[in-house]
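All letters in the sequence shown, in the order written, are residues 4 to 377 by this note's numbering. In this text, a Cβ means the ideal position worked out from N, Cα and C, and glycines have one as well. Note that this is a predicted model, so its numbers are computed, not measured.
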Amino acid sequence: MPTIPIADLYAQYLSIKDDIDAAIAAVIAESAFIRGPYVERFEREFASALDIPHCVSCANGTDALYIALHALGVEPGMEVITSAHSWISTSESITQAGGKVVFCDTDRDTFTIDPAQIEAKITPRTVGIIPVHLYGQPADMDAVMAIARKYHLWVIEDCAQGHLAQYKGRTVGTFGNAATFSFYPGKNLGAMGDAGAIVTADAQLAERMAIYARHGGLFKGDHQIEGINSRLDGLQAAILSVKLPHLPAWTRARQQWAAAYGETLSGAEGLTLPMTAEGREHVYHLYVVRHPERAALAAYLQEAGIQTVVNYPVALPFLPAYRRYKHASHEFPNAYANQSTILSLPLFPEMTNAQQQRVVNAIKRFSLSHARAS
Ligand SMILES: *Cc1c(COP(=O)(O)O)cnc(C)c1O
Numbered sequence: 004m005p006t007i008p009i010a011d012l013y014a015q016y017l018s019i020k021d022d023i024d025a026a027i028a029a030v031i032a033e034s035a036f037i038r039g040p041y042v043e044r045f046e047r048e049f050a051s052a053l054d055i056p057h058c059v060s061c062a063n064g065t066d067a068l069y070i071a072l073h074a075l076g077v078e079p080g081m082e083v084i085t086s087a088h089s090w091i092s093t094s095e096s097i098t099q100a101g102g103k104v105v106f107c108d109t110d111r112d113t114f115t116i117d118p119a120q121i122e123a124k125i126t127p128r129t130v131g132i133i134p135v136h137l138y139g140q141p142a143d144m145d146a147v148m149a150i151a152r153k154y155h156l157w158v159i160e161d162c163a164q165g166h167l168a169q170y171k172g173r174t175v176g177t178f179g180n181a182a183t184f185s186f187y188p189g190k191n192l193g194a195m196g197d198a199g200a201i202v203t204a205d206a207q208l209a210e211r212m213a214i215y216a217r218h219g220g221l222f223k224g225d226h227q228i229e230g231i232n233s234r235l236d237g238l239q240a241a242i243l244s245v246k247l248p249h250l251p252a253w254t255r256a257r258q259q260w261a262a263a264y265g266e267t268l269s270g271a272e273g274l275t276l277p278m279t280a281e282g283r284e285h286v287y288h289l290y291v292v293r294h295p296e297r298a299a300l301a302a303y304l305q306e307a308g309i310q311t312v313v314n315y316p317v318a319l320p321f322l323p324a325y326r327r328y329k330h331a332s333h334e335f336p337n338a339y340a341n342q343s344t345i346l347s348l349p350l351f352p353e354m355t356n357a358q359q360q361r362v363v364n365a366i367k368r369f370s371l372s373h374a375r376a377s
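Dropping the structure here:
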């Protein structure tokens, strides 16, 4: 039996092959590789999909964070608060911009930053907060924004896993001063290479970000400042423009597969299913369950030809990269507890009923044998 992958990018390509092939051919025929009409078109389309005025495209989601941080004026000595549980881009970009990373623990069940613990992390040097809509579930944005207003902090939403997710009926990415997106191939909206973008309602911030990302100027020969080179290329832009109209349907498909897992797996011994907080609409970039015997479950599923992944095996404060902060597990008890139980199951829009049934049956078999053994 073929292995069931965690995601199937080739299946998605096949479902829109003709349009993708034509878009790639058109970019090549016009040699529109860098900047140009395809990039401008995607920037307009993505901003409009989120109903926000400005989109500045860039090379990847990590650069998007770095460019936003730089444009918001992060300098050495400044502190930025972010979630203890994320992909390292979220925190490494703070350091890259010159700031100091201040980790905040997550909520045990939503895996997003726990607003109740943010205020204790604020010092006179704090300048901003980066909540992460991890796995596709929005962070508690009302609470985060209230704290930001109270202490005059900016907010950058890390939307790399949260394309089109909603918080109380409003699309994530429209709450903070800026929001960053990744179009890494496996993300909910994925390019065929690296790609990223920043959105904002602030015209001046958008211009500062565009200038910085493009060698310090908005047109050839213009260099107001020294910048960097971080560009979305024409091929990726054209591919993203083909995919963007499908994103709402792909998101609904993810939600349907998640709901089906929820129905069929509820009650499985030892398994904790993902929980979505009131008022939040999850877009299931990843379907993350928890199990006290994570390693045994993962090995059992691998044996059954089912791929699983741990996103992420070590929470950020405990990585060797942050040894300098000498963090201890008791400072981030939720992130610490979750890192050893989380497991991402296969979930992607093109998944079939038969594939999902195989995953469900294998987990149920594991649960039964596990229940008998314990
Ligand atoms: C993928 C991701 C990023 C970075 O995106 P890249 O395009 O890979 O640089 C940032 N934050 C989170 C939470 C991500 O999942």
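Residue i in three-state terms, based on DSSP
i      : result
ARG173 : strand
THR254 : helix
ARG128 : coil
ALA307 : coil
VAL317 : coil
ILE242 : helix
ILE7   : strand
ILE133 : strand
PRO352 : coil
LEU268 : helix
LEU379 : Outside the modelled stretch of the chain, which goes from 4 to 377, sits residue 379, for which no answer is possible.
Residues sharing a beta bridge with residue i, DSSP
i      : result
LYS103 : GLU82
THR109 : ILE116
ASN232 : ARG217
LEU346 : VAL292
ARG283 : TYR170
ALA181 : ILE159
GLY199 : CYS61 and SER185
THR275 : ARG293
VAL312 : SER347
Residue i to residue j span [Cα, whole Å]
i      : j      : result
GLY179 : MET148 : 7 Å
THR115 : ALA216 : 29 Å
SER89  : ILE214 : 28 Å
THR183 : PHE45  : 15 Å
ARG128 : GLY80  : 7 Å
GLU43  : ILE201 : 14 Å
CYS107 : LYS124 : 7 Å
LEU243 : LEU53  : 15 Å
TYR16  : ALA357 : 20 Å
GLU160 : MET354 : 29 Å
LYS367 : ALA271 : 6 Å
GLY193 : TYR264 : 24 Å
VAL104 : ILE84  : 6 Å
THR65  : SER372 : 43 Å
ASP145 : THR93  : 21 Å
SER370 : LEU274 : 8 Å
ILE9   : GLU122 : 37 Å
ARG327 : LEU72  : 22 Å
PRO320 : ARG297 : 21 Å
HIS288 : GLY220 : 35 Å
HIS285 : THR279 : 7 Å
GLU78  : TRP260 : 44 Å
GLY308 : SER347 : 15 Å
GLN227 : ALA62  : 21 Å
LEU322 : TYR138 : 20 Å
ALA168 : VAL292 : 19 Å
GLY76  : HIS155 : 14 Å
ASP24  : ALA240 : 13 Å
GLY224 : HIS218 : 9 Å
GLY102 : GLU95  : 10 Å
beta-carbon residue i near ligand 1 non-hydrogen atom, thresh 6 Å
i      : result
THR115 : no
GLY270 : no
GLY199 : yes
GLN99  : no
SER185 : yes
ASP236 : no
GLN239 : no
GLY176 : no
ALA163 : yes
THR85  : no
GLY64  : yes
THR93  : yes
VAL77  : no
VAL135 : yes
Cutoff 7 Å: residue i Cβ touching any chain B Cβ
i    : result
ILE9 : In the structure shown, chain B does not exist; there is a single protein chain.
Check: residue i C-beta below 6 Å from any heavy atom of ligand 3
i     : result
TRP90 : Ligand 3 is not among the ligands present in this structure, which contains only ligand 1.
Quick one: which unbroken beta strand (DSSP E) runs of 3-plus residues sit fully inside the stretch 16 to 85? Chain order, please.
-> 57 to 61
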